[in-house]
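Residue numbers (the numbering used here): 72 to 334. For glycine and all other residues, C-beta sits at the position ideal for the given N, C-alpha and C. Contents: one structure, followed by commentary.
Printed below as a string of structure tokens:
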């Protein structure tokens with residue numbers, strides 16, 4: 072359901088999606104991925120507790136890449152065996168080798184089926200590594216080049232390609248063609264992005280808040296602009312009759328238009 076700039080911000084959202092699956096009576100399972108740094112956020116404990124209490128179908132996957140930004144795991148977490156961080160919250164844990172495509176797939180597949188059958192969350196720790204700095208401004212002074220080189224030797228992409236060749240599923244030429252095609256797709260996407268015009272400033276609020284077509288209400292607008300949308304009373308008079316469920320999003324819209332979100 073998209074990306075989130077707030078560390079751990081996707082955890083409660085995952086619980087909400089899983090709760091919706093329960094309400095709708097589906098067999099959906101939500102997979103929530105986050106880094107080792109996020110497991111020390113308050114949202115981690117709060118979400119796992121509620122997920123276990125309400126028996127929500129969520130697989131929580133913590134990608135333990137050894138560093139939360141520039142801080143080593145043992146410096147920011149008292150428990151470094153992250154698969155056990157949900158034990159006290161009622162969420163059992165397991166581990167996979169995040170550098171191994173097949174092991175990761177097997178463990179996650181098993182976790183999804185367990186959650187689907189038992190209707191209770193699990194926590195999967197994937198042991199992996201970040202080859203580059205957290206950002207372009209990261210000087211990477213918190214680890215040695217030798218350590219990075221050791222982990223790079225286990226890079227899961229070439230390792231999986233080599234496995235496919237050894238198993239006779241690909242030959243070396245086919246493997247090289249797949250690599251070249253992937254690089255070309257990325258290069259084309261970058262070229263398209265760099266060649267595209269910048270969006271107009273007035274598009275800033277497009278699609279930020281959109282109701283589905285079955286409900287009437289305000290689409291994304293600049294709520295501080297009185298000309299952006301008619302007053303709530305005018306909108307109510309112009310709108311078709313709606314049941315109680317339809318009134319809820321409109322009431323939210325009205326509150327925004329009245330400036331109740333601002334202090």
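Note on residue 132: 16 or more other CB atoms within 10 angstroms of its CB, so buried under the neighbour-count rule. Taking 8 Å as the cut-off, the beta carbon of residue 130 is found closer than this to the beta carbon of residue 193. As computed with DSSP, residue 103 is found in a beta bridge with 131. Rounded to whole angstroms, residue 127 and residue 267 show a C-alpha spacing of 42 Å. By the Cβ-count criterion, residue 196 is buried, with 16 or more other Cβ atoms from all chains shown falling within 10 Å of its own Cβ.
The criterion of a C-beta distance shorter than 8 Å is not satisfied by residue 213 and residue 139. Assignment of residue 211 by DSSP, reduced to helix, strand and coil, places it in the coil class. A distance of 8 Å or more separates the beta carbons of residue 158 and residue 227.
Per DSSP, the unbroken beta strand (DSSP E) holding residue 198 starts and ends at 193-198. Sixteen is the threshold: since fewer than 16 other Cβ atoms of the shown chains lie within 10 Å of the Cβ of residue 98, the residue is exposed.
The segment 259-273 makes no contact with the segment 202-218, as fewer than three CB pairs between them are under 8 Å.
In its chain, beyond the 5 residues on either side, 193 have a beta carbon closer than 7 Å to the beta carbon of residue 185.
Closest option to residue 225, judged by alpha-carbon separation, among 168, 250, 100: 168.
Just measuring C-alpha positions, the residue of 153, 114, 118 sitting nearest residue 90 is 118. Around residue 80, the same chain offers 114 as residues with beta carbons nearer than 8 Å, after the five sequence neighbours per side are excluded. For residue 135, the CB contacts under 6 Å within the same chain, skipping 5 residues up- and downstream, are 107, 153, 196, 198 in chain order.
Rounded to whole angstroms, the separation of the alpha carbons of residue 248 and residue 237 is 17 Å. Around the C-beta of residue 257, fewer than 16 other C-beta atoms lie within 10 Å, and the residue is accordingly described as exposed.
The beta-bridge partner set that DSSP reports for residue 138 consists of 143.
The DSSP-derived three-state label of residue 159 is helix. Less than 8 Å separates the beta-carbon of residue 121 from that of residue 86.
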